Amino acid sequence: MKKLFQQLKQLDNKGYKAYKSLQGQYHFHNYILYIDYVQGDPFASPSKIRVVIPKEKRVIRSEWFDTKQRKVAVEDAIARAVGKAIYKEHTFIKGSGKSGQILFDTPGQEVLERSAVQINREAITVCISVGLPANGRRINGREAEKLFSKAIPTIIKESVFSISDQEISEAMKLTDQQEAIRMEMKNNHWIAFIANGSILPRESGISNRPLKNAVAFQSPAEDEVSISIPHQSEPIKGMAIRKGITLIVGGGYHGKSTFLQAIERGVYSHKKGDGREFVLTDPDAVKIRAEDGRQISGVNISPFITNLPRGKTTSFFSTENASGSTSQAANVMEALEVGASTLLIDEDTSATNFMIRDYRMQQLVKKDKEPITPFIDKIKQMRDQLQVSSILVMGGSGDYFSVADTVIMMDEYVPYNVTNKASAIMKSHPLERDEQMDEDFGSITNRYFQQNSLQTVKGKRSKTQAKGLYKIIMGRTDISFEYTEQLVDPSQTRMIAEVIQHLDRNKGLGRESLKDLLENINKQFDQKGLASFTLFNDQHPGDLARPRKYEIAAVLNRMRTAKVTKK
């Protein structure tokens, strides 16, 4: 500690780059401070520091590591405490540029595996970014001393040393309960569970917080189940959505899309108080939508689209500018290729001609003149031959009653099971359209991305950089994926950028199929951690959060530079 403050006094008023000499470790009373990276300019991205609190200074309990989910929950709880302490810290630090900024990857509503706080049986590590103070482009040593002698110690004291065992215990209890429900879902072949009392609507289109005074969820009696969960005597009750084909119907503004959006986010755990703590979904559920203009590279879309004019093949289809129906077909096939077991679809974001062709249109445009086999004619084959379930919001086409196993109607945000009523309507008003099902669903092709897909070089440097939630700059090209709706945190996007850079450095493409590649990436996440994909494995790993394999695949599939083969 004294060594650091002596250096800062000596560096005062020197050129800013002299801060580089601070890189290293410094022993404070309750922790070790590591300065891993020093910004080269006061206006550049802030410097990266780690605060490591050894077990001798802060109790680390063995039960934190009983399960992987518990470890993630404890890290998340500590990270929220750090974020709160930074928000409250009011040490005023003067200077130019980003002087005195203290940045931290505070979690949102979802509980994700992150690099911001890492725990093991020996220590707790907190990763923070700080703007080292400057006057113009000269070092402001006095303000830097305030940063390290007041601000950082206060933050660590008010978070790592102040979070109670009770708070950490509550986080572990919640994750234990969520995992118990997931196990029950798996054992009973349910693809989603929505607890009674859940709050599904969000505050606004740009806020992920729960809407105040919203109607609490209440399961239809026909679909209500009861699950015994740990840490409480009373079972939890709620709606189980079973494998198969489920329609969500109802009038506009009655909560259909809100219901589906809650289900699509149920692939992640949520923090206490979110309202969706006990809304849980098949982890291999993927949201599907139309995406006009997207890149498609060598995807087998022949189960849905065949016999194109001029004989263009659809078993290995590529385009720079996909139509709505073609993009939705590709999105389905790409999801199935890498292991999706549930598809989530909202008619509001779907291509009509991909979802349905009604009787009159079939009479006018005959099958031999229509390349598209609509989703309605493939959905039962996916269920029966591929064991892939579907949950669809469908307010405009009653023809889907003919394929549905369950029909749920939303009425003023309250769900009702109207399966029998829908069946009665089908009997009194028989289906007019011709079902155009082939005997088999068709083939799913495994693709191999080639190494030259990753064109990361710009000038003399290799660079892949995340920009917000839905964009990665790779070399000279942009990868845009704004319709990847289950990507929820910019830190996941940063992690995907690091994965791409890792694959580029290690020549990781071309040897295995995309499906196997993603499985191996997941294994590396599990065995070596998020930082193993970066160049800073033993230092500040960056602000990273774990993405699912489906979102990594979505980014790779949208590279304009993608080069793929069947083998």
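Heads up: the sequence shown begins at 1 in full-length UniProt numbering, then just goes up one per residue.
Positions of the beta carbon are idealized from the N, C-alpha and C atoms, including for glycine.
All values derive from a computational prediction rather than experimental measurement.
query: Which one of Glu-435, Val-414, Tyr-413, Glu-337 has the shortest CA to CA distance from Gln-362?
result: Glu-435
task: Measure the alpha-carbon distance for Gly-250 versus Glu-110 and round it to whole angstroms.
output: 28 Å
- prompt: Beta-carbon separation of Phe-217 and Ile-194 under 7 Å?
  reply: yes
- request: Please work out which residues of its chain come closer than 7 Å, Cβ to Cβ, to Ala-497, disregarding the five sequence neighbours upstream and downstream, and give them in chain order.
  value: Thr-464, Gln-465, Ala-466, Ile-472
Coil, strand or helix - Ala-553 by DSSP: helix
field: Presumed contact (8 Å Cβ cut-off) between Leu-200 and Val-286, rounded CB distance
entry: Wrong, their Cβ atoms sit about 20 Å apart, outside the cutoff.
query: So, do the stretch 279–299 and the stretch 336–356 have three or more beta carbon pairs nearer to each other than 8 Å?
result: yes
- prompt: Given that a residue counts as buried once 16 or more other Cβ atoms are within 10 Å of its Cβ, and exposed if not, what is Gly-136?
  reply: exposed
field: Where residue 571 falls: helix, strand or coil (DSSP)
entry: The displayed coordinates of the chain run from 1 to 567. Any statement about residue 571 would go beyond what the structure contains.
message: For the structure I just gave you, are there three or more beta carbon pairs, one from the stretch 505–516 and one from the stretch 426–444, closer than 8 Å?
response: no
- request: Indicate whether Lys-48 and His-540 have their beta-carbon atoms separated by less than 7 Å.
  value: yes
message: In the DSSP output, what is Trp-190 paired with across the bridge?
response: Arg-242
- prompt: Using CA coordinates, which residue listed in Phe-317, Thr-565, Phe-525, Arg-560 is at the minimum distance from Lys-549?
  reply: Phe-525
field: For Gly-510 and Gln-451, believed in contact at Cβ under 8 Å, the rounded distance
entry: 5 Å
- request: Determine the closest residue to Asn-420 out of Ala-404, Gly-252, Gly-131, Ile-372, with distance taken between C-alpha atoms.
  value: Ala-404
message: With a threshold of 6 Å on Cβ separation, who are the neighbours of Ala-335 within its own chain once the five nearest residues in sequence on each side are excluded?
response: Val-286
message: For a test of the three-state rule: what should DSSP assign to Gly-324, helix, strand or coil?
response: helix
- prompt: What separation, rounded to the nearest whole angstrom, lies between the Cα atoms of Gly-395 and Thr-534?
  reply: 46 Å
message: Less than 6 Å between C-beta atoms, sequence neighbours within five positions excluded: which residues of the same chain meet that for Ala-171?
response: Ala-73, Ala-77
message: Just verifying my parser: in three-state terms, what is the DSSP assignment at Arg-27?
response: Checking the sequence, you will find His at residue 27 rather than Arg. Correct three-state label for His-27: strand.
message: Between which residues of its own chain and Phe-316 is the CB-CB distance below 6 Å, once the five residues before and five after are set aside?
response: Gly-298
field: Within 7 Å, strictly: CB atoms of Ile-479 and Val-414
entry: no
message: Using C-beta distances below 7 Å, list every residue in its chain close to Met-272, excluding the 5 sequence neighbours before and after it, in chain order.
response: Note that residue 272 is Lys in the sequence shown, not Met. Around Lys-272: Glu-170, Leu-174.
message: Between Tyr-34, Val-215, Ile-241, which has its C-alpha nearest Ile-181's C-alpha?
response: Ile-241
message: Looking at Val-38: is its Cβ nearer than 7 Å to the Cβ of Tyr-26?
response: no
Proximity to Ser-21 [Cα-Cα], best of His-29, Gln-7, Asn-13: Gln-7
query: Can you list, in chain order, the stretches of the beta strand (DSSP E) that have 3 or more residues and sit fully within the stretch 156–205?
result: 190–195, 202–204
query: Is the number of C-beta pairs between the stretch 253–264 and the stretch 152–172 that are closer than 8 Å three or more?
result: no
- prompt: Exposed or buried, what is Gly-557 when buried is set at 16 or more other beta-carbons lying within 10 Å of its beta-carbon?
  reply: Sequence check: residue 557 is Asn here, not Gly. Buried: at least 16 other Cβ atoms inside 10 Å.
task: Going by DSSP, name the residue or residues bridged to Ser-21.
output: None, per the DSSP bridge assignment.
message: Which residue wins for smallest C-alpha separation from Gly-275, given the options Val-215, Thr-313, Pro-309?
response: Val-215
task: Could you check what DSSP says for Ile-93 in three-state terms: helix, strand or coil?
output: coil
task: Apply the 10 Å Cβ neighbour rule to Thr-373 and answer buried if 16 or more other Cβ atoms are within range, or exposed otherwise.
output: buried
task: Could you say which of Thr-246, Lys-237, Gln-295 lies nearest to Phe-278 if we only look at CA atoms?
output: Lys-237
field: C-alpha distance - Thr-314 paired with Ser-402, whole-angstrom precision
entry: 28 Å
field: Nonlocal neighbours in the same chain, by C-beta distance under 7 Å from Thr-306, ignoring five residues either side
entry: Thr-314, Pro-371
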